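Below is one structure, written out as structure tokens, with a few remarks after it.
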Amino acid sequence: MNNNLFIVKATDTDTNENMEYEYGCLEHARDTYNILKRQSDIENLVVLEYDFASKKYHLVEM
32 MNNNLFIVKA TDTDTNENME YEYGCLEHAR DTYNILKRQS DIENLVVLEY DFASKKYHLV
92 EM
């Protein structure tokens, strides 16, 4: 069982919408990250890893 959740967060500068996507594995989070980083209207793009055991967030390097 995976004790981590991967969260992709970003802001759409055209609409000022904050986006958040949650995945159970890093591969799916990385796919979403790569799609979003190619778009010109996206900023503040990060991937966070939430560890359920420690209840802490960690920034994932891409």
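In the numbering used here, the protein residues as written are 32 to 93. All residues carry an ideal CB built from backbone N, CA and C; glycine is no exception. Computed from a prediction, not measured in an experiment: that's the story for all the values here.
Measure the alpha-carbon distance for Leu51 versus Val39 and round it to whole angstroms.
Note that residue 51 is Glu in the sequence shown, not Leu. Approximately 6 Å between the Cα atoms of the pair.
Whose C-alpha, out of Tyr64, Lys86, Arg69, Asp45, is nearest the C-alpha of Tyr54?
Tyr64
Quick one: is Phe37 buried, meaning 16 or more other Cβ sit within 10 Å of its Cβ, or exposed?
buried
Secondary structure, alpha helix (DSSP H): runs of 4+ residues fully inside the region 36 to 67
none
Can the beta-carbon of Ile73 be found closer than 9 Å to that of Leu67?
yes
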